[in-house]
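Peer 1: Before we start, here is the structure in question, set down as structure tokens.
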Amino acid sequence: MSINLAEEVTMEGNSLHIIEAKTGSLVPVLNDHNLHSTLDPIKDETENISAHSSSIQNSKNILVLGLGFGYHVEAIKKINPNARIWIVEPNRELINLYIKNIDNPIDATLLCEDVNSLYNNNRFVELLLSKPYIYSHKKSIEANPKYFRSFLNYQASSFCSDYIENTDFEIRGYLENEIAHNQDITLHSLIQSKKNVKTLSAHDHLILALDSLIESNR
Amino acid sequence: MKALFLVIGNEQKVIESAKVIASFKQQNPFSRINLLVDESQLEMARNIKNIDQIHTINVNRIISLSSKRVFSDALVINQFITDLSSIKDITWDLVHNFSNSNVTAYILSFLKATKKTGAYFNNNHLLNHSNTWATILNTQVAKLDTTITQYTAHKHILGIEEDNLNIPFMLDGENLNAAQVTFKNLRGNLAPNTRVLGLTAFKNENKDQKIAIIEELINIGGHYPVIVTGQDEDNVAFATDINQQFEGALLQIEVDAATMPAVLLNVDLMITEDLKTLSLANSVDTPTITSQLSQLKTTSTSNIYYVVQDRVSNKLEEILNHFNDNSSHPLNNVTFSMDDNYGTTLITGDIELDIVAHIKRITTFASLGYPVNEVIKDNFLKRFNLTNFRNTLPKIKEELNKSLTIVLSAIRILKQYQNSDRHEKSFWAKLSQVFSLEKENIITRDFISVFCSAIYSIDTGIKEENLIQIETQLYALKNNIALINDTVQYFNDDERSSQTQPKRIITTNL
Chain A
482 MSINLAEEVT MEGNSLHIIE AKTGSLVPVL NDHNLHSTLD PIKDETENIS AHSSSIQNSK
542 NILVLGLGFG YHVEAIKKIN PNARIWIVEP NRELINLYIK NIDNPIDATL LCEDVNSLYN
602 NNRFVELLLS KPYIYSHKKS IEANPKYFRS FLNYQASSFC SDYIENTDFE IRGYLENEIA
662 HNQDITLHSL IQSKKNVKTL SAHDHLILAL DSLIESNR
Chain B
-5 MKALFLVIGN EQKVIESAKV IASFKQQNPF SRINLLVDES QLEMARNIKN IDQIHTINVN
55 RIISLSSKRV FSDALVINQF ITDLSSIKDI TWDLVHNFSN SNVTAYILSF LKATKKTGAY
115 FNNNHLLNHS NTWATILNTQ VAKLDTTITQ YTAHKHILGI EEDNLNIPFM LDGENLNAAQ
175 VTFKNLRGNL APNTRVLGLT AFKNENKDQK IAIIEELINI GGHYPVIVTG QDEDNVAFAT
235 DINQQFEGAL LQIEVDAATM PAVLLNVDLM ITEDLKTLSL ANSVDTPTIT SQLSQLKTTS
295 TSNIYYVVQD RVSNKLEEIL NHFNDNSSHP LNNVTFSMDD NYGTTLITGD IELDIVAHIK
355 RITTFASLGY PVNEVIKDNF LKRFNLTNFR NTLPKIKEEL NKSLTIVLSA IRILKQYQNS
415 DRHEKSFWAK LSQVFSLEKE NIITRDFISV FCSAIYSIDT GIKEENLIQI ETQLYALKNN
475 IALINDTVQY FNDDERSSQT QPKRIITTNL
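Chains as they are written, first to last, in this note's numbering: chain A, 482 to 699; chain B, -5 to 504.
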């Protein structure tokens, strides 16, 4: 492997470079945060992961927050080789650096999107619905606290105007019409208003059916 | 004809639809029948005969998406539309609201169809019923919630003239043959005329009750209980544990949704608290004994009231709260010991709860002005094994008299309470005392069960109105007992005349 350890990448105010740990393993440094131990990153990450081994063994899907250079992910793989691993890593340059510098990148799905897009990504939604085990890579989170705080505290907007772009084409026209009358309309307020109107369209029936379905199963 | 049946509900609902669909297919042999079900019921739906295509709504996913704030409502809406995509652009010849819930009423309203049957909302947001029977189903029959009643109502809503008497489920020939061989061998080893009874042993049932029932069956004699359980590890362990109490001597059969009908067709009677088994047994006309009526009823009416009340009453929320939040229900002060002393009165006949449910149904139809004779002819006589019925007549009669005494006592207590304006608790305490007599085996648990079902349907939080409704239910119970008495008498007469066909029809004080 050939690498220029002095090379530094800067993107959107983030600084990123690589150093060599005492064991010779490569350690990325993001915004002055070492993303792994500078002594023996493999041993250190293996020890960290061992505290979670029982949960990891019992999980089909594992969501890892933060890529680093993947030593923790390799440790997870050793405990449960059959688990499907998903990694949320907001820093594309780090991903590129990882792919460029690691000979055998781990078999995992990398998700690199802004938080809002991520929660509207069907694959990610599928993953969350499968109730994955979530492992937070502490050093990655400390290096990018703003993103991960936003990720962990995310709540979808309830205003129709905020998500209309993501709705099915058929219902979009209907919602656009409703938003034209009330910019601040939410699905909940829309349903409440429809319960009291005298005339209903086909789509009103559809929305009320959805509401009844949710209410009767709540 | 392109027909779509909307059956969004639990497994029991899907099972109940099978018989209606079979009859519909018989009357419309060239129809292509589609089914809309909850995706979690897909396996059960696949067991129903005569279905050309099954469409699903992924209810679990919609609920998961809607219940978590991280997911956008766009995902919820999109999922629902995607689920309906295979049915929404078709102009159906017929769409039938089988579930009779608010959900299916709105879906029926949304869909394009030449003919819509059942309850639905029109464009003016008013509840419509496709015919009088749809009204009856929505306002009355649903409260009773037994498969046969539902079947009768749906048959009339859809204009079906003949009953389909075939088994409405896919029966794998191999499974059926295996069950037949097993039971033939079993019967060959038993004393002549021994009745083979199925007894479910699922992990959600009460183990002690099951053991008590088997002990009771052994004491009574003439019955051989077969333990029926699921195929998964937990159910097998549960059933084996029960069997071990009898040194593992009982036949134990492990079934799934596809093989249960084959077993039901080979037992004389099924004893179960499992709702799915109850519905399956009803669909293949296997007599059942259970104490689950009250639960069945509570489950059903919450939906049905919603449809009925949605546009006509502001009390909807209050009513739903009563169903959803047990703690607010005034009847919580009363303890009904449904699970104590199980066994003794339960196995006195072959009919038990079923007969009470039928009587109740008949009185309801009668109170609505429908010809009782026809209802009896349609449902009642077909339903029971007359030979077994006659054998148990003396015992039934004896218990009916006891039950009548208790109900009359309850009415007296109610009257006293109404007149004396005492604290509410004292009334409940007294009523509870009356019904605790069940423990002394004075009143049959079936009547308790029916009474409980009746009072669960009370839909007001106002004490005075509750009392009036309870009184009505007590009187109704009294009438039911009187009607059963007449029925018993009728069969006695029938027995004496040694005729298999009824000569006269019950027309007692309805």
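Think of the CB as a built atom: it goes at the ideal place given N, C-alpha and C, for glycine as much as any other residue.
Which bits of chain B does E661 of chain A rub up against, with CB to CB less than 7 Å?
Peer 2: Reading off the sequence shown, one finds Ala at residue 661 of chain A, where the question assumed Glu. Neighbours of A661 of chain A on chain B: none; closest Cβ ~18 Å, over 7 Å.
Peer 1: Rounded to whole angstroms, what is the Cα-Cα separation between R573 of chain A and N582 of chain A?
Peer 2: C-alpha separation (whole angstroms): 14 Å.
Peer 1: Can you tell me the Cα-Cα spacing of L694 of chain A and L69 of chain B, whole angstroms?
Peer 2: Answer to the nearest angstrom: the Cα atoms are 15 Å apart.
Peer 1: Helix, strand or coil for E248 of chain B? Go by DSSP, reduced to three states.
Peer 2: If DSSP states are grouped into helix, strand and coil, E248 of chain B belongs with the strands.
Peer 1: Could you tell me the alpha carbon to alpha carbon distance between V64 of chain B and Y635 of chain A, rounded to whole angstroms?
Peer 2: The alpha-carbon atoms of V64 of chain B and Y635 of chain A are separated by roughly 6 Å.
Peer 1: Between the C-alpha atoms of H150 of chain B and V14 of chain B, what's the straight-line distance to the nearest angstrom?
Peer 2: When rounded, the distance between both Cα atoms is 10 Å.
Peer 1: Could you tell me the boundaries of the alpha helix (DSSP H) in which F629 of chain A lies?
Peer 2: Counting along the chain, the alpha helix (DSSP H) containing F629 of chain A begins and ends at P626 to L633.
Peer 1: To the nearest angstrom, how far is the alpha carbon of Y614 of chain A from that of L548 of chain A?
Peer 2: Using only the alpha carbons, I get a separation of about 16 Å.
Peer 1: Is it the case that the region 182 to 199 of chain B contacts the region 214 to 228 of chain B, given that we only count it when at least three CB pairs across the two stretches are under 8 Å?
Peer 2: The region 214 to 228 of chain B vs the region 182 to 199 of chain B: in contact.
Peer 1: Rounded to whole angstroms, what is the Cα-Cα separation between N602 of chain A and K559 of chain A?
Peer 2: About 29 Å.
Peer 1: Using a Cβ-Cβ cutoff of 9 Å, what residues of the region 678 to 694 of chain A are near chain B? List them in chain order.
Peer 2: Correct list: V678, K679, T680, L681, S682, A683, H684, D685, H686, L687, I688, L689, A690, L691, D692, S693 and L694.
Peer 1: Report, in whole angstroms, the separation of the C-beta atoms of V1 of chain B and L30 of chain B, which I expect to be a contact under 8 Å.
Peer 2: Sure, about 7 Å apart at Cβ, within 8 Å.
Peer 1: Taking 8 Å as the threshold (C-beta atoms), are A173 of chain B and V257 of chain B in contact?
Peer 2: Cβ distance < 8 Å, so V257 of chain B and A173 of chain B count as in contact.
Peer 1: Is there a C-beta anywhere in chain A that falls below 8 Å from the one on D67 of chain B?
Peer 2: Yes, D67 of chain B lies at the interface with chain A (some Cβ there is under 8 Å from its Cβ).
Peer 1: List, from N- to C-terminal side, the beta strand (DSSP E) runs of 3 residues or more that fit wholly inside the region 12 to 49 of chain B.
Peer 2: Correct list: 26 to 32.
Peer 1: Taking E199 of chain B as the reference, which of B:A233, B:V53, B:Q47 and B:D157 has the closest Cα?
Peer 2: When each option's Cα is compared against that of E199 of chain B, the closest is B:A233.
Peer 1: Compare the beta carbon distance of F629 of chain A and L546 of chain A with 8 Å and say whether it is the shorter of the two.
Peer 2: Yes, the pair counts as a contact, with Cβ atoms nearer than the cut-off.
Peer 1: Measure the Cβ-Cβ separation of T108 of chain B and T85 of chain B and say whether it is below 8 Å.
Peer 2: Their beta carbons are under 8 Å apart, which means T108 of chain B touches T85 of chain B by this criterion.
Peer 1: Taking the runs of the alpha helix (DSSP H) that are 4 residues or longer, which of them lie wholly in the region 196 to 268 of chain B?
Peer 2: Qualifying alpha helix (DSSP H) stretches, in chain order: 201 to 214, 227 to 238 and 254 to 258.
Peer 1: Report, in whole angstroms, the separation of the C-beta atoms of K201 of chain B and D235 of chain B, which I expect to be a contact under 8 Å.
Peer 2: Confirmed, about 7 Å.
Peer 1: In chain order, which continuous runs of the beta strand (DSSP E) of length 3 or greater are located wholly inside the region 482 to 567 of chain A?
Peer 2: Counting whole runs of 3 or more residues, the region 482 to 567 of chain A contains the beta strand (DSSP E) stretches 489 to 492, 495 to 501, 507 to 511 and 542 to 546.
Peer 1: Indicate whether at least one CB of chain B lies closer than 8 Å to the CB of A673 of chain A.
Peer 2: Looking at the sequence itself, residue 673 of chain A is Gln, so the reference to Ala does not match. No, because no Cβ of chain B sits closer than 8 Å to the Cβ of Q673 of chain A.
Peer 1: Using 8 Å for Cβ pairs, my map puts G112 of chain B next to A128 of chain B. What's the rounded Cβ distance?
Peer 2: At roughly 5 Å, the Cβ-Cβ gap stays under 8 Å, so G112 of chain B and A128 of chain B are in contact.
Peer 1: What is the DSSP secondary structure of H119 of chain B, counted as helix, strand or coil?
Peer 2: Coil at H119 of chain B, not helix or strand.
Peer 1: For A243 of chain B, which residues from the same chain have a beta carbon less than 8 Å from its beta carbon, with the 5 sequence-adjacent residues on both sides left out?
Peer 2: Hits under 8 Å: N237.
Peer 1: CB-CB under 7 Å to N44 of chain B, same chain, minus the five flanking residues each way: which ones, in chain order?
Peer 2: Correct list, in chain order: I15, A16, K19 and I27.
Peer 1: Tell me which residue opens and which closes the alpha helix (DSSP H) that I576 of chain A is part of.
Peer 2: Residues R573 to N582.
Peer 1: Can you name the start and end residues of the beta strand (DSSP E) that N94 of chain B belongs to?
Peer 2: Element bounds for N94 of chain B: n/a, residue is neither H nor E.
Peer 1: Once the 5 residues before and after T519 of chain A are set aside, which same chain residues still bring their CB inside 8 Å of it?
Peer 2: Excluding positions up to five away in sequence, the list reads I500, A502, K503 and V508.
Peer 1: Determine which residues share a DSSP beta bridge with S697 of chain A and list them.
Peer 2: Looking at the DSSP assignment, S697 of chain A forms no beta bridge with any residue, so it has no partner.
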